[in-house]
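J.:
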Amino acid sequence: MIEEQAPATLPNAWQLRPQAPAIGTAIGRLDAVAEDGSKEFVFGVGLNAFRMFVVRREGRCFGYLNLCPHYSLPLNVRADEFLSRDGARIMCRRHLAVFTIDDGLCIDGACTGSKLEAVPVSVDQAGMLVIG
Ligand code: FES
């Protein structure tokens with residue numbers, strides 16, 4: 048009789064990137080990200096550094112790879128600048144593509160219909176942002 052094995056869980060694409068943080072990694076204090084603001088977190092150094100950003104909106108946190116689906120470039124030009132002027136959308140500062148905050152869908156611009164790659168984040172009881 049052949050014993051069945053549970054299927055292996057496939058990692059998400061962001062987990063396969065060089066220098067990706069492990070699930071459970073504390074990335075910083077929640078209050079380092081202003082409410083209705085955004086902040087970048089970088090793991091590693093050099094061209095292969097893992098760059099992600101977190102947006103706080105209406106009591107929730109959303110994490111994404113800092114990689115625009117248009118040209119695979121970082122979205123920001125200035126530090127921590129990931130939102131539209133009214134703060135209601137994520138905006139790529141390279142060619143001004145606009146994305147929803149809650150699911151990273153591009154709704155206007157050069158890559159309409161594609162999505163930012165989500166990196167799951169949560170907040171632990173000590174007020175730390177954690178991967179996963
Ligand atoms: S690289 Fe983001 S819109 Fe072109």
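Counting from 48, one number per residue, gives the positions in the sequence shown under the working numbering.
The beta-carbon is built from N, C-alpha and C at its ideal position, and this holds for glycine as well.
1. Would M138 pass as a contact of L122 if the rule is Cβ separation under 9 angstroms?
2. For the beta strand (DSSP E) that contains A173, what are its first and last residues?
3. Whole angstroms is fine: what's the gap from N25's alpha carbon to A67's?
4. What did DSSP end up calling A165 once you bin it into helix, strand or coil?
5. Thinking just about the alpha-carbon of each residue, which of G110, C115 and D127 is nearest to the one in H22?
6. For the ligand FES, any of its heavy atoms closer than 8 angstroms to the Cβ of G156?
7. The beta strand (DSSP E) with V89 in it runs from where to where?
8. Starting from R141, follow its DSSP beta bridges and name the residues at the other end.
9. Compute the distance between the beta-carbons of L176 and G75, then report whether it is under 9 angstroms.
T.: Here's the rundown:
1. Between M138 and L122, the gap from beta carbon to beta carbon is short of 9 angstroms.
2. Here A173 belongs to no beta strand (DSSP E), and DSSP marks it neither H nor E.
3. An answer regarding residue 25 cannot be provided, because it is not within the stretch 48 to 179 covered by the chain.
4. Here A165 carries a strand assignment [DSSP, helix/strand/coil].
5. The requested residue 22 is not part of the displayed model; the chain covers only 48 to 179.
6. Within the cutoff, so yes.
7. DSSP places V89 in the uninterrupted beta strand (DSSP E) bounded by S85 to F90.
8. Paired residues: none, contrary to the question.
9. For the 9 angstroms CB-CB criterion, L176 and G75 form a contact.
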